[in-house]
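Numbering (the working numbering), first residue to last: 1014 to 1475.
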């Protein structure tokens, strides 16, 4: 049994043991992570560390573990691989301790939705799953522990609370039984609000400006954003997106509760709106910070690619050819990395091959990636749940392959699957890029321009 120093604050470590593999096939050596990184950081901060497997005494093993969870002043939880035991222990810790629990995870790991909004520090590991930035990560963990020690003295102040239960559930743990009735009312209320928003988004013969005003009235009638169920707030955000109300999206994010703002979905949509609102630099900053904090994903990198693609178009239109060439490379790189992150998501893939076809010098990867993108989207359609982007992707691929017949077939399917008015407009913009590139090579683009015209028409009348 490890010797505990009675004069030092005790920090209990919740983490897996041995070698574990996550859903992406990455292996992590948690014993090395503990011995090389976490334990030295705890000791450097002036704490004494204890991990569950170091409690070798007899008796029921759950009893000392539960005592540590409840009574230890401080705790560190490693969320890497979403280990069931760790999450069970973290849930217990959050239920009984409102403060002084620090969360860590291996950089690049994807955190489950329920813990994604929580603040967690990403440490670096190498290909063997061992710590790779030992000194830098130890220093950061030490800072977190020292801050927790300092602020735990002010634990009655809610700003220092890290348990989501104590943060978000009013009066927890002393909850009045009447809360159940209030909860039931909120569920019914949420359904009604979501229906109102759905109806507002799908009003016919109403301009986008009028739809925006109707959605804003629904928001105002709903009351304080902080008091709304998270699902309603997200529905509001996506309703503004559906009518291209970019400024309203930005405004809404800025008044959301912090735990909701920090989710990947909201950060991605925030960056999307910033870019559409001509705030390209801000959008790039948000997306790069998200990748740094939560790791790369096809969606995040796809949005980053769009930021660079828009800048490339602006530079090209301004006649700044050297800058345009550099931005085109950045856009291709972001889209390609997004597709490599998840080959099931064809959106970044089709954008990568479209932009590769427009480069000044042929890109060797184009003919390698194009059939993979084609296969990816065809497999998704065969799964039985295709959407607008699946058929729009096949339209673009058919255009790139100069297949007029297939482009027309997929165009009809895409038009029948439109959900939001900005979708066909986005496809039309991509086709305009292809048209310009083909015209420079002397290729007849009349049939492609007809498809572009149809898409633009539907982006207005939807």
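Backbone N, C-alpha and C define an ideal beta-carbon position, used for all residues, glycine too. For clarity, every value in this text was computed on a predicted model and none was experimentally measured.
A residue is called buried when at least 16 other Cβ atoms come within 10 angstroms of its Cβ; residue 1122 meets this threshold and is buried.
DSSP links residue 1144 through a beta bridge to 1138. A Cβ-Cβ distance of about 5 Å is found for the pair residue 1117 and residue 1134, placing them in contact under the 8 Å criterion. Rounded to the nearest whole angstrom, the CA to CA distance from residue 1335 to residue 1376 is 18 Å. Secondary structure of residue 1432 (DSSP, three-state): coil. Distance between residue 1083 and residue 1315, taken at the CA atoms: about 43 Å. Taking 3 residues as the shortest admissible run, the stretch 1027-1053 contains the following complete beta strand (DSSP E) segments, listed from N- to C-terminal end: 1032-1034 and 1040-1042.
The count of Cβ pairs closer than 8 Å, one atom from the stretch 1382-1392 and one from the stretch 1406-1421, reaches three, so the stretches are in contact. With three or more CB-CB distances shorter than 8 Å, the stretch 1047-1063 counts as touching the stretch 1136-1151. Note that the C-beta distance between residue 1404 and residue 1436 is not below 8 Å. If you check the CB distance, residue 1352 and residue 1365 come in under 8 Å. Counting only the Cα atoms, residue 1464 lies some 8 Å from residue 1424.
In the assembly as shown, residue 1219 is an exposed residue. Its beta-carbon has fewer than 16 other beta-carbons within 10 Å. Within a 10 Å sphere around the beta-carbon of residue 1362 sit 16 or more other beta-carbons, which makes this residue buried. When the Cα atoms are used, residue 1258 and residue 1099 turn out to be separated by approximately 42 Å. Beta-bridge partners of residue 1062 (DSSP): 1024.
Under DSSP, residue 1087 forms a beta bridge with 1024. Rounded to the nearest angstrom, the Cβ distance from residue 1046 to residue 1144 is 6 Å, consistent with a contact under 8 Å. It is roughly 47 Å from the alpha-carbon of residue 1205 to the alpha-carbon of residue 1342. With fewer than 16 neighbouring CB atoms inside 10 Å of its own CB, residue 1268 falls in the exposed class.
The secondary-structure analysis by DSSP pairs residue 1133 across a beta bridge with 1116. Short of 7 Å from the beta carbon of residue 1273, and not among the five residues preceding or following it, lie these beta carbons of its own chain, in chain order: 1130, 1243, 1246 and 1279.
Following the DSSP letters along the chain, one finds residue 1359 inside the alpha helix (DSSP H) bounded by residues 1359-1369. In this structure, residue 1087 sits away from residue 1029, with a CB-CB distance that is not shorter than 8 Å. Between the alpha carbons of residue 1338 and residue 1369 lies a gap of roughly 11 Å. For residue 1099, the enclosing alpha helix (DSSP H) starts and ends at 1097-1109. The C-alpha of residue 1162 is placed about 40 Å away from the C-alpha of residue 1288. For residue 1257, there is no enclosing alpha helix (DSSP H), as DSSP gives it neither H nor E. When DSSP states are grouped into helix, strand and coil, residue 1094 belongs to the helix group. For residue 1416, no alpha helix (DSSP H) encloses it, and the DSSP letter there is neither H nor E. Rounded to the nearest whole angstrom, the CA to CA distance from residue 1345 to residue 1354 is 14 Å.
In the structure shown, the three-state DSSP call for residue 1292 is coil. Counted as a single uninterrupted DSSP element, the alpha helix (DSSP H) harbouring residue 1389 occupies residues 1379-1395.
Non-local beta-carbon contacts of residue 1458 in its own chain, meaning distances under 7 Å to residues more than five positions away in sequence, involve 1448, 1451 and 1452 in chain order.
A direct Cα-Cα distance of roughly 9 Å separates residue 1261 from residue 1286.
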